[in-house]
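Peer 1: Residue numbers (the working numbering): 12 to 334. Can you read through this structure? Questions will come right after.
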Amino acid sequence: MTPGDFEHRNQERWAEYERLVASLEKGARDPGAGSLPRRFRELCADLALAETRMYGARLTERLNELVIRGYERIYRQSRGGLRAVAEFLTAGFPRAVRRDWRLFWLCNAVFWLPFFAMMLSSAHELRWIQSVLGPDGMASMEKMYGGREEQLAHLREEYGSNFMMFCFYIYNNVAIDFRIFAGGILAGIGTLFFLLFNGLYLGAAAGYVNHACNPASFWSFVSGHSSYELLGMVVSAMAGMRIGLAILRPGRLPRTRALAEASKQALPLIYGAALLTTLAAVVEGFWSAQRIPYEWKYAAGIAGWLLCAVYFLMAGRRAGDAA
12 MTPGDFEHRN QERWAEYERL VASLEKGARD PGAGSLPRRF RELCADLALA
62 ETRMYGARLT ERLNELVIRG YERIYRQSRG GLRAVAEFLT AGFPRAVRRD
112 WRLFWLCNAV FWLPFFAMML SSAHELRWIQ SVLGPDGMAS MEKMYGGREE
162 QLAHLREEYG SNFMMFCFYI YNNVAIDFRI FAGGILAGIG TLFFLLFNGL
212 YLGAAAGYVN HACNPASFWS FVSGHSSYEL LGMVVSAMAG MRIGLAILRP
262 GRLPRTRALA EASKQALPLI YGAALLTTLA AVVEGFWSAQ RIPYEWKYAA
312 GIAGWLLCAV YFLMAGRRAG DAA
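Encoded structure:
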């Protein structure tokens, strides 16, 4: 095929592609915009073919210019600010969690099994809880959860304002999630250790409060933010395990390449965990410690868990099917 034949054969398709790109460059809404990625791939193939067969600088430069213009339109749209954020929140994040559903249930088991085991042990053997919390931990639980008034007085003394409490919880929760994620670099062992430790410690705290403090002051305080905080911890662990598995089982890739690919897969999980952690700190700082009836706090906690369940199960399914 001569260069003239090649150009004549594809001229109509190139003209339609150029018209579509020009329309998008002007900011117009074109009904054929959805076909741009497919047309872009076809034009890339044409450019590669023209270069391989040495059809001349005039033709290859024209096709290269069209490819560059199409690339700019596609990837400028894909980076698009608020639209990209909305796409991530409504579809990208829940799809990323569902894609690694095995890791999701593994990390949940590593956290919740020791949590409930330690919490329920308070009814039979308190020494396990005492060994985990220690004297300072038990004294802190009694000071914080001796009753509503004691709790509010402690929070006012410790933080001074709701905003400072929010700042502390951001710092504390991010530090926990970062340790859990970063532990994945030790072939996942660090992630599992920190997740297991948090399950044991929080279960011991809940068990000790049920045994020696005022359970209502504890459960009403933690109920509102528990879903966001604990699921953020689990999602951080999923990201850490994704890194750990790339080290343990790189497959046919070199470990450095497998680690780079795993990091890309873990990135939406890290973003989502940061979102959940921030939301937990907002609720904890501005809702959990307020003088609000216990029933309302319990209702908010139940609603939080239900919303998270629906979100991770249903959000982004249509977008995922379309893709």
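Beta carbons are placed, not taken as given, at the ideal position from N, Cα and C, and that holds for glycine. The model shown is predicted, which means the values in this text are computed figures rather than measured ones.
#1: Would you please state the rounded distance, in angstroms, between the beta carbons of Ser234 and Tyr309? I believe it to be under 8 Å.
#2: Would you mind giving the Cβ-Cβ distance between Arg84 and Leu35, rounded to the nearest angstrom? I have them listed as a contact below 8 Å.
#3: Which complete alpha helix (DSSP H) runs does the segment 20-74 hold, if anything under 4 residues is left out?
#4: Where do the ends of the alpha helix (DSSP H) carrying Gln276 lie?
#5: Going by the CB atoms, is the gap between Gly195 and Met252 shorter than 8 Å?
#6: Does the beta-carbon distance from Phe174 to Gly296 come in below 8 Å?
#7: Using the C-alpha atoms, what's the distance from Arg20 back to Pro14?
#8: Helix, strand or coil, according to DSSP, for Thr13 in the structure here?
#9: Would you call the segment 297-307 and the segment 230-247 in contact, with 3 or more CB pairs under 8 Å?
#10: Look up Ala320 in the DSSP assignment and say whether it is helix, strand or coil.
#11: Could you check which residue in Gly199, Phe122, Leu137 has the C-alpha nearest to that of Leu241?
#12: Whole angstroms are fine: how far does the CA of Tyr28 sit from the CA of Arg64?
#13: Measuring alpha carbon to alpha carbon, tell me which of Arg110, His222, Leu31 ends up nearest Tyr44.
#14: So, does the segment 250-264 touch the segment 273-281, judging by three or more C-beta pairs under 8 Å?
#15: Identify, in the order they occur along the chain, each residue of the same chain with its Cβ nearer than 8 Å to the Cβ of Ile200, setting aside the five sequence neighbours on each side.
#16: Measuring straight from C-alpha to C-alpha, what distance separates Phe208 and Asn119?
#17: Does Ser89 come out as helix, strand or coil in the three-state DSSP assignment?
#18: Got a sec? Which residues, its chain only, sit under 8 Å from Ala128 by beta carbon, not counting five neighbours each side?
Peer 2: In brief:
#1: 5 Å
#2: 5 Å
#3: 47-63
#4: 266-294
#5: yes
#6: yes
#7: 10 Å
#8: coil
#9: yes
#10: helix
#11: Phe122
#12: 22 Å
#13: A small correction: the amino acid at residue 44 is Ala; Tyr does not occupy that position in the sequence shown. Of the listed residues, the one whose Cα sits closest to Ala44 is Leu31.
#14: yes
#15: Gly194, Gly255
#16: 13 Å
#17: The predicted model places Ser89 with a pLDDT of 49, which falls under 50 and marks its position as unreliable; any figure quoted below should be read in that light. Three-state DSSP puts Ser89 in a helix.
#18: Gly214
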